[in-house]
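A quick write-up on the structure given underneath.
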Amino acid sequence: MSARTVVAGILLFVPFVAVLIPQLFNKVEPTLGGLPFFVWYQLIWVVLGGILVFASYRVYNSGKVRGGQA
Numbered sequence: 000m001s002a003r004t005v006v007a008g009i010l011l012f013v014p015f016v017a018v019l020i021p022q023l024f025n026k027v028e029p030t031l032g033g034l035p036f037f038v039w040y041q042l043i044w045v046v047l048g049g050i051l052v053f054a055s056y057r058v059y060n061s062g063k064v065r066g067g068q069a
């Protein structure tokens, strides 16, 4: 298993763990724009999750040949 694969896996694992542990976000305060903490925490992880999936893709595919050209 290459280092790129490990890093890509960690990047994919982070948002999964962040929303899997309810003790991290099981509260109402603080609010942000009238939204309770639970709601904006989840919304932030939707955005961060997308960014981390893209980063994982880039890390995993870095160094690979594009379009079959050598």
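Heads up, the sequence shown is in numbering that gives the first Met the number 0, so the first residue is 0 and it goes up one at a time. All residues carry an ideal CB built from backbone N, CA and C; glycine is no exception.
From the options, residue whose alpha carbon lies closest to that of residue i
i: Phe-15; options: Ser-1, Asn-25, Gln-41; result: Gln-41
i: Gly-8; options: Phe-53, Val-38, Arg-65; result: Phe-53
i: Phe-24; options: Leu-10, Phe-36, Val-45; result: Phe-36
Unbroken alpha helix (DSSP H) run spanning residue i, endpoints
i: Asn-60; result: 36-60
i: Gly-8; result: 2-19
8 Å Cβ cutoff met for residue i and residue j
i: Leu-51; j: Val-13; result: yes
i: Leu-10; j: Val-58; result: yes
i: Trp-39; j: Leu-47; result: no
Per-residue burial, residue i [other beta carbons within 10 Å of its own, 16 or more giving buried]
i: Ser-55; result: buried
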